[in-house]
Amino acid sequence: MTHPPTDPPADSPADPHRRPAAAPETGPRAATPAGPRAGAPAVLRFEPVGGEALLRDWRHVHNVIIPTDPLSPDEVRERAGRNRLVVAYLGDVLVGCSTVRPPAAHPPAGGRAAATVIARVLAAHRGQGIGGALYEHGLATARGLGAEVIETVVLASNPDGLRFALAHGFVEVETYLLPGDTVPYVDLRLA
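Position one of the sequence shown corresponds to residue 1 (UniProt numbering), numbered consecutively onward.
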């Protein structure tokens, strides 16, 4: 889901989120061109997390959008081992990330296999359909893993993320506060 913290402009000359199109660790793994042709619109592409550069980019988006629970590089590596993590780029610019927690990672929801799909888009790139595309990609991944129930989780201080989830058919099922946190999380389930 998404969250409103600001991040540096993507077109900043020192932008750490811009990736060369031909970089081996971030090269396209889907049927998309390596980068936009001169004058052509930038292509939205999704990269499964593998390699340090993609781990760094996924971690950056997560930590900007969920500042109350920043993850270390080791924590991201551990999550990458049990979840499906994806980084989204518009052309060569980092714009978001997603997490799919497979059904095996959850107790059955009413006896049905549940997966959690989370889409995150950096504030400067919202309202362009990126969140919807990330969500659809994550939903397809979850269904391919056997999910019968789709859930998501949003930080309660993230009105953009909550609106997005509700607009995509999710309903709130629980609000909870983790030990030591001051901002609750909202669990939602696809109706």
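Using N, Cα and C, we set each Cβ at its ideal position, and we do this for glycine too.
Discussion item. Let me make sure I understand the geometry here. Which of Pro48, Asn158, Gly180 and Asp187 has the alpha-carbon closest to that of Ile65?
Written reply: Asn158
Worksheet item: Which ranges does the beta strand (DSSP E) cover as unbroken runs of at least 3 residues, wholly within the region 159-183, from first to last along the chain?
Response: 170-176
Worksheet item: Do Leu85 and Ile150 come within 8 Å of each other at the CB atom, strictly closer than that value?
Response: no
Worksheet item: Hey, would you say Ala142 sits closer than 8 Å to Tyr185, going by beta carbons?
Response: no
Practice prompt. Spatial neighbours of Gly146 within its chain, please: CB distance less than 6 Å, with the 5 preceding and 5 following residues excluded, ordered by chain position.
Written response: Pro103 and Ala113
Discussion item. Is the separation between the beta-carbon of Thr152 and that of Ala165 shorter than 8 Å?
Written reply: yes
Worksheet item: Would you call the CB atoms of Val100 and Leu94 closer than 8 Å?
Response: no
Discussion item. So, for Arg168: in the same chain, excluding its five sequence neighbours on each side, which residues have a beta-carbon less than 7 Å away from its beta-carbon?
Written reply: What sits at residue 168 in the sequence shown is His, not Arg. The answer, listed in chain order, is Tyr135.
Practice prompt. Starting from Val64, trace the alpha helix (DSSP H) both ways and give me its first and last residue.
Written response: Glu52 to Ile65
Discussion item. For Asn83 and Tyr89, what's the separation of their Cα atoms in angstroms?
Written reply: 20 Å
Worksheet item: How long is the line joining the alpha carbons of Leu178 and Leu71, rounded to whole angstroms?
Response: 15 Å
Worksheet item: According to DSSP, which residues form a beta bridge with Thr99?
Response: Leu85 and Ile118
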